[in-house]
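The structure appears below as structure tokens.
As structure tokens, then:
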């Protein structure tokens, strides 16, 4: 199968998430990086391009230049990865969507609701695929958990608990020159949400993806423990879902001892499930009144949904990069299907798209409004 010609906006050689996207795009050998606008500083962009082996004439100073010139080439990029700070997402995505170039964009969708609406219209007006990298939905046992909920193994869902604590911002790392912290604590680049936008959206998306539920109302307490920090670094959120289920979500970037401790628990009338990102090859299922069962990736009890996105035999762990690669693999399938005439929405399948992005923006906005109103209940 021919590789999809890929470009990248952001993600220069010193950017963590850019490297993750590049690795994920190549694990299944479905993409080839051929062009980039890898930094907002033109010279740094070209230096990064050279370090990654891009041809000099395809290493661009701006995403606008890249979109225009690549669209005019016979061998131009077919898709682009956008791995910039949040405030660049909308303009960059629109530049490529308007030219029919497929977009794979990091989350959250945008920095502002206004930008999110503009991007929604751009996706609707384009024939190109738009994928948002809520990468945790790519884990095999997350897919299995979703399937088990959908087929009724848990009965009617009653309680959903999601959490994502980290510790990397316990100190004022933004003041120490840590680039990833600098922009995440800047409302102009990150948007209205700090930890709630960065990792809270992952926890919320995972809860909705697995359960199939949509949030109806929430009450949020956002707080910044970092001295002078303008955006939240800790959030507690109570959730009410359509259909009556209740939920709780905690995210924090000031929890010493927690690295990337994303965890989901789902409880229904017939049983409960638990999955943890730091040990992703296990899913714990407890049918009501019975002993807890340990389901492993590709082991006894693993479903077709899990096996379909697994690569190596049981007992050999798969994790973060492979789950991320499943999003890229799904995006490659969707792109090729659309190029062959398939319906775009049908081709996306389980991939998070513009809808998931808009849900995330609604979640951030509701959390901010609620917290500003002394944790009042607000609608999503």
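Numbering (the working numbering), first residue to last: 32 to 411. All C-beta atoms, glycine included, are put in the ideal place defined by N, C-alpha and C.
The secondary-structure analysis by DSSP pairs residue 194 across a beta bridge with 281, 294. Within the same chain, and ignoring the five residues on either side of residue 395 in sequence, the residues whose Cβ sits closer than 8 Å to its Cβ are 139, 222, 223, 224, 227, 228, 231, 232.
Residue range 232 to 242 is occupied by the alpha helix (DSSP H) that includes residue 241, with no beta strand (DSSP E) assigned at that position. The beta carbon of residue 307 sits closer than 6 Å to those of 294, all from its chain and outside the five residues before and after it, given in chain order. Assigned with DSSP and collapsed to three states, residue 265 falls in strand. Taking each of 68, 72, 403 in turn and checking the Cα distance to residue 266, the smallest one comes out for 403. The alpha helix (DSSP H) runs of length 4 or more contained entirely in the stretch 94 to 120 are, from start to end of the chain, 94 to 102. Taking 9 Å as the cut-off, the beta carbon of residue 236 is found no closer than this to the beta carbon of residue 55.
For the pair residue 393 and residue 103, the Cα-to-Cα distance works out to about 36 Å. Here residue 196 is buried, its C-beta having at least 16 other C-beta atoms within 10 Å. For the pair residue 188 and residue 316, the CB atoms are not nearer than the 9 Å cut-off. Residue 198 and residue 370 have their alpha carbons spaced roughly 43 Å apart.
In the DSSP annotation of this structure, the continuous segment of the beta strand (DSSP E) that includes residue 63 starts and ends at 62 to 68. Straight-line measurement puts the Cα of residue 385 at about 9 Å from the Cα of residue 155. Per DSSP, the continuous alpha helix (DSSP H) segment holding residue 385 begins and ends at 385 to 403. In terms of Cα proximity to residue 400, the closest of 216, 205, 51, 249 is 249. Between residue 110 and residue 62, the C-beta gap is smaller than 9 Å, which places the two residues in contact. Three or more beta-carbon pairs separated by less than 8 Å link the stretch 236 to 246 to the stretch 171 to 191, which places the two stretches in contact. Look at the beta carbons and you see the stretch 70 to 86 touching the stretch 34 to 52: at least three pairs across the two are nearer than 8 Å. A residue is called buried when at least 16 other Cβ atoms come within 10 angstroms of its Cβ; residue 134 meets this threshold and is buried.
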